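Trainee: I'd like to ask you about the structure that follows.
2 protein chains.
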Amino acid sequence: MTYCAATMLDAGIVFASDSRTNAGVDNISTFKKMKVFERPGDRVLVTLCSGNLAITQATLSHLESVMRRNDGSPHLFSVASMYDVAELIGNALREVRHRDAPFLQQSNVDSGASFIVGGQIAGEEQRLFMVYAEGNFIEATAETPYFQIGEVKYGKPILDRVISAGTSLEEAVKCVLVSFDSTMRSNLSVGLPIDLLCYEKNSLAVTKVRRFDEKDEYMRNLRSQWSEGLRKVFGSLPNFEWN
Amino acid sequence: MTYCAATMLDAGIVFASDSRTNAGVDNISTFKKMKVFERPGDRVLVTLCSGNLAITQATLSHLESVMRRNDGSPHLFSVASMYDVAELIGNALREVRHRDAPFLQQSNVDSGASFIVGGQIAGEEQRLFMVYAEGNFIEATAETPYFQIGEVKYGKPILDRVISAGTSLEEAVKCVLVSFDSTMRSNLSVGLPIDLLCYEKNSLAVTKVRRFDEKDEYMRNLRSQWSEGLRKVFGSLPNFEWN
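What follows is the structure, given as structure tokens:
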């Protein structure tokens, strides 16, 4: 499994992904699920992915090969809008699944995969999209300022409680990390390290990116303080009086 | 959807169920998903159910008709062990699904349903079981002292953090209600009122049962205090320093 989340705020976009890949519980590996395409001053694109790893890797490889070929076909560094970026990813995903899915089906392997992609291209506002396994996509709005993919439910309540468009980047970073903490406690198939990228609106550059692993002091501290704080709040709730 | 949970503690068992039944978001009704079979001094059996409502109702009706017939066939008030109770439910569920599932399949309707059943029969310890849609079942142990059915993920983190065999009944009641709060915030298809029953070990009687609806002052207070407390703890977490 996987857990990825991205929150789009007035101040910027926070992206985060776990890095556990498993084919059954006896075959666990670490793969980075965040990929950054950056040309400072022109664009920052960040993709997070979930689902069949061969499919998501092939989709990204396909997008990169079109960039390298540079034969006039639209690619991630040539298109003028984030909408076009989402469409490129959706089309690439469709192409890869069209090619590979029949073979996977023969072994009853799911070829499903989905992406979150966000960032900013010069001349446009920052934008955030979720690309479904079928290649279609939706865009985040002020009313729904976050997307999640993978094992999304355990970590959703804290996002629902905290995140709104006006949330600061600092608060959103904390909230996303707490959301990962809740997910990792309840689901073994989501694990550290967490890759986190905090994009500051209109910067058109990646300035804040960080990997949080088991030994990371901030993350350990955050997890224990949150756990302790929850227990304290819980302890202070009034008991129900039966009479 | 549905959310039901039961926690088995050294001091007793806490059962809770929501009461929203929906066939699509435009067809929502209220049904009690908790059923109590009690003969004071002899036994208390509590069932919670999730899944296809016609299937779970038919299963319970079947169990009740065997009791009424009283022709020597084993039934809920005649068997000597909670294990036998779980088996009766599993068998009844199999029978009903065997009869109805083919018709449901013709309309692509899922006949899946599951039960939590727990309580105590004189001469035996209190016990708690989860009966799967296939009619097989598992029993709660000190290491895994709770079961959930239905929309289980949103409300699992708080159970994982708080519940252990040594948790008091008062704390468990609070924890289960908070677990319902998290679920209802993130999933519209789980809703108030909540039916809650707190069985005190070896009492062999139902003494504490309560319905919490929208207007219930304790529940409203609990929800707002929990929400406020979470925000306070969250606010006190240290920001991540990027430099």
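Taken in order, these protein sequences are the chains called A and B. The letter at position 15 of the first sequence is residue 31 when you use the numbering used here, and the numbering goes up by one with no holes. The letter at position 230 of the second sequence is residue 246 when you use the numbering used here, and the numbering goes up by one with no holes. Cβ coordinates follow ideal geometry from the N, Cα and C atoms, glycine included. In this text the structure is predicted, and so the values were computed from the model without any measurement.
1. Give the residues from the stretch 224-245 of chain A that approach chain B closer than 8 Å (Cβ to any Cβ), ordered along the chain.
2. Mind listing the chain B neighbours of L253 (chain A)? Cutoff is C-beta to C-beta under 7 Å, in chain order.
3. Report the option in A:V60, A:E155 and A:D126 whose CA atom is closest to the CA atom of G139 (chain A).
4. Could you tell me whether the Cβ atoms of L64 (chain A) and A32 (chain A) are closer together than 9 Å?
5. Starting from the Cα of E159 (chain A), find the closest Cα among A:V147, A:G182, A:L212 and A:I132 and give me that residue.
6. Relative to chain A, which residues along the stretch 79-95 of chain B have a C-beta separation below 7 Å, given in chain order?
7. Relative to the C-alpha of A129 (chain B), which residue among B:C20, B:Q241 and B:S240 is closest?
8. Give the DSSP-derived three-state secondary structure of V41 (chain B) in the structure shown.
9. Would you tell me roughly how many angstroms separate the C-alpha atoms of V41 (chain B) and S123 (chain B), rounded to the nearest one?
10. How about V62 (chain A): is its C-beta nearer than 9 Å to some C-beta of chain B?
11. I'd like to confirm something about N218 (chain A): is its beta-carbon nearer than 8 Å to some heavy atom of the ligand SAM, or not?
12. If you run the structure through DSSP and keep just helix, strand and coil, what is L61 (chain A)?
13. State the CB to CB distance for the pair I132 (chain A) and I165 (chain A), rounded to an integer number of angstroms; the pair is presumed to be in contact (CB under 8 Å).
14. Tell me whether S202 (chain A) is buried or exposed, calling it buried when 16 or more other Cβ atoms sit within 10 Å of its Cβ.
15. Count the other C-beta atoms from every protein chain shown that fall within 10 angstroms of the C-beta of D87 (chain B), then say buried if there are 16 or more, exposed otherwise.
16. Between the alpha carbons of L109 (chain B) and A27 (chain B), how many angstroms are there, rounded?
17. Using a Cβ cut-off of 8 Å, pull out every chain B residue sitting near D176 (chain A), in sequence order please.
18. Can you check which of these residues, B:S127, B:Q73, B:Y162 and B:K51, is closest to I149 (chain B) by C-alpha distance?
19. Kindly list the residues whose CB is nearer than 7 Å to the CB of D229 (chain B), restricted to its own chain and excluding five residues on each side of it in sequence; keep chain order.
20. Below 8 Å on the Cβ atoms is my contact criterion, and I expect E167 (chain B) with V125 (chain B) to pass it. Report the Cβ-Cβ distance as a whole number of Å.
21. Please name the residue in B:G134, B:T37, B:H78 and B:I71 whose C-alpha comes closest to that of V222 (chain B).
22. Establish whether the CB of Y19 (chain B) and some CB of chain A are separated by less than 9 Å.
23. Determine which residues of the stretch 137-171 of chain A have a Cβ less than 8 Å from any Cβ of chain B, and write them out in chain order.
24. Any beta-carbon of chain A closer than 9 Å to the one on V41 (chain B)?
25. Which bits of chain B does P56 (chain A) rub up against, with CB to CB less than 8 Å?
26. With distances taken Cα to Cα, identify the nearest neighbour of K189 (chain B) among B:M17, B:Q241 and B:C214.
27. With a CB to CB cut of under 6 Å and the five nearest residues on each side skipped, what residues in its chain are close to T75 (chain A)?
28. Give a yes or no on whether the minimum CB-CB distance between G28 (chain B) and chain A is below 9 Å.
29. Give me the Cα-Cα distance between L120 (chain B) and S77 (chain A), rounded to the nearest whole angstrom.
30. Taking P173 (chain A) as the query, report the chain B residues whose CB atoms sit under 7 Å from its CB, ordered along the chain.
31. Once the 5 residues before and after F151 (chain B) are set aside, which same chain residues still bring their CB inside 6 Å of it?
32. Taking 9 Å as the cut-off, decide whether the C-beta atoms of V194 (chain A) and L212 (chain A) are in contact.
33. Look at F53 (chain A) and E103 (chain A) and say whether their C-beta atoms are less than 9 Å apart.
34. Please confirm whether C65 (chain B) has its beta-carbon closer than 9 Å to some beta-carbon of chain A.
35. Taking only beta-carbon atoms, is D34 (chain B) less than 9 Å away from chain A?
36. Find the nearest neighbour of S35 (chain B) within the set B:A22, B:M235, B:S81 and B:M50, judged by alpha-carbon distance.
Mentor: The structure says:
1. K224, R226, Y234, N237, L238, Q241, W242, S243 and G245
2. Start at 1 with the first residue of the first sequence, and residue 253 (chain A) comes out as number 237. The contacting residues are K190, L238, Q241 and W242.
3. Within the first sequence, residue 139 (chain A) is the residue found at index 123, counting from 1. Ranking A:V60, A:E155 and A:D126 by Cα distance to G139 (chain A) puts A:V60 first.
4. What you label residue 64 (chain A) is simply residue 48 of the first sequence in a count that begins at 1. What you label residue 32 (chain A) is simply residue 16 of the first sequence in a count that begins at 1. Going by C-beta atoms, L64 (chain A) is nearer than 9 Å to A32 (chain A).
5. As a first step, residue 159 (chain A) is located in the first sequence; it is residue number 143 there, counting from the start. Comparing Cα-Cα distances from E159 (chain A) to each of A:V147, A:G182, A:L212 and A:I132, the minimum goes to A:G182.
6. none
7. Stepping through the second sequence from its first residue, residue 129 (chain B) is reached at position 113. The candidate whose alpha carbon is nearest that of A129 (chain B) is B:C20.
8. Walking along the second sequence from the start, residue 41 (chain B) turns up at place 25. Because the pLDDT of V41 (chain B) is 48, which lies under 50, any placement of that residue in the model is unreliable, and the number read from its coordinates should be weighed accordingly. V41 (chain B) falls in the coil class under three-state DSSP.
9. By 1-based counting over the second sequence, the position of residue 41 (chain B) is 25. By 1-based counting over the second sequence, the position of residue 123 (chain B) is 107. The predicted model places V41 (chain B) with a pLDDT of 48, which falls under 50 and marks its position as unreliable, so this point remains unresolved.
10. Your numbering for residue 62 (chain A) matches position 46 in the first sequence. It does not: the Cβ of V62 (chain A) has no partner Cβ on chain B nearer than 9 Å.
11. Only the bare structure without any ligand can be found here, which leaves the ligand SAM out of the picture.
12. For the purposes of this step, residue 61 (chain A) is identified with residue 45 of the first sequence, where counting begins at 1. Reduced to three states, the DSSP call for L61 (chain A) is strand.
13. For the purposes of this step, residue 132 (chain A) is taken as the residue at position 116 of the first sequence. For the purposes of this step, residue 165 (chain A) is taken as the residue at position 149 of the first sequence. Right, the Cβ-Cβ distance comes to about 6 Å (below 8 Å), so this counts as a contact.
14. For the purposes of this step, residue 202 (chain A) is identified with residue 186 of the first sequence, where counting begins at 1. Result: buried.
15. Stepping through the second sequence from its first residue, residue 87 (chain B) is reached at position 71. D87 (chain B) is exposed by the Cβ-count criterion.
16. As a working note, residue 109 (chain B) is residue 93 in the second sequence. As a working note, residue 27 (chain B) is residue 11 in the second sequence. Between the alpha carbons of L109 (chain B) and A27 (chain B) lies a gap of roughly 30 Å.
17. Here residue 176 (chain A) is taken as the residue at index 160 of the first sequence, counted from 1. Simply R201 and S202.
18. Indexing the second sequence from 1 puts residue 149 (chain B) at position 133. One point to set straight first is that residue 149 (chain B) is Ala, not Ile, in the sequence displayed. Of the listed residues, the one whose Cα sits closest to A149 (chain B) is B:S127.
19. Within the second sequence, residue 229 (chain B) is the residue found at index 213, counting from 1. Counting only Cβ-Cβ distances below 7 Å, and skipping sequence neighbours, we find L208 and P209.
20. Locating residue 167 (chain B) in the second sequence gives position 151, where the first residue counts as 1. Locating residue 125 (chain B) in the second sequence gives position 109, where the first residue counts as 1. The Cβ separation is near 19 Å, so there is no contact.
21. Locating residue 222 (chain B) in the second sequence gives position 206, where the first residue counts as 1. Closest option to V222 (chain B), Cα to Cα, is B:G134.
22. Within the second sequence, residue 19 (chain B) is the residue found at index 3, counting from 1. Chain A, which has no Cβ nearer than 9 Å to the Cβ of Y19 (chain B), makes this no.
23. K169 and Y170
24. By one-based count along the second sequence, residue 41 (chain B) stands at place 25. Residue placement at V41 (chain B) is flagged as unreliable, the pLDDT there being 48, under the threshold of 50; the coordinate-derived value follows with that caveat. Not one chain A Cβ lies under 9 Å of V41 (chain B).
25. Taking the first sequence and counting its residues from 1, the one referred to as residue 56 (chain A) is at position 40. Within 8 Å Cβ-Cβ: nothing; P56 (chain A) doesn't reach chain B, min ~18 Å.
26. If you number the second sequence from 1, residue 189 (chain B) lands on position 173. The sequence given here places Val at residue 189 (chain B); Lys does not occur at that position. Among B:M17, B:Q241 and B:C214, the Cα nearest to that of V189 (chain B) is on B:C214.
27. The sequence position of residue 75 (chain A) within the first sequence is 59, counting from 1. Excluding residues within five positions, the ones whose Cβ falls inside 6 Å are A108, L109 and V112.
28. Numbered from its first residue, the second sequence carries residue 28 (chain B) at position 12. So, not an interface residue.
29. Mapped onto the second sequence, residue 120 (chain B) falls at position 104. Mapped onto the first sequence, residue 77 (chain A) falls at position 61. Cα-Cα distance, rounded: 44 Å.
30. Along the first sequence, read from residue 1 onward, the residue named residue 173 (chain A) stands at position 157. Y170, S198, R201 and S202, listed in chain order.
31. Taking the first residue of the second sequence as 1, we reach residue 151 (chain B) at position 135. Checking the sequence, you will find Gly at residue 151 (chain B) rather than Phe. For G151 (chain B), the CB contacts under 6 Å within the same chain, skipping 5 residues up- and downstream, are G106, L109 and R110 in chain order.
32. What you label residue 194 (chain A) is simply residue 178 of the first sequence in a count that begins at 1. What you label residue 212 (chain A) is simply residue 196 of the first sequence in a count that begins at 1. Going by C-beta atoms, V194 (chain A) is not nearer than 9 Å to L212 (chain A).
33. Translated into positions along the first sequence, residue 53 (chain A) becomes position 37. Translated into positions along the first sequence, residue 103 (chain A) becomes position 87. Going by C-beta atoms, F53 (chain A) is not nearer than 9 Å to E103 (chain A).
34. Position 49 of the second sequence, counted from the first residue, corresponds to residue 65 (chain B). Answer no: the Cβ-Cβ gap between C65 (chain B) and chain A never drops below 9 Å.
35. In the second sequence, counting from the first residue as 1, residue 34 (chain B) sits at position 18. No, because no Cβ of chain A sits closer than 9 Å to the Cβ of D34 (chain B).
36. As a working mapping, residue 35 (chain B) is identified with position 19 in the second sequence. Residue B:M50 holds the alpha-carbon nearest to the alpha-carbon of S35 (chain B) among B:A22, B:M235, B:S81 and B:M50.
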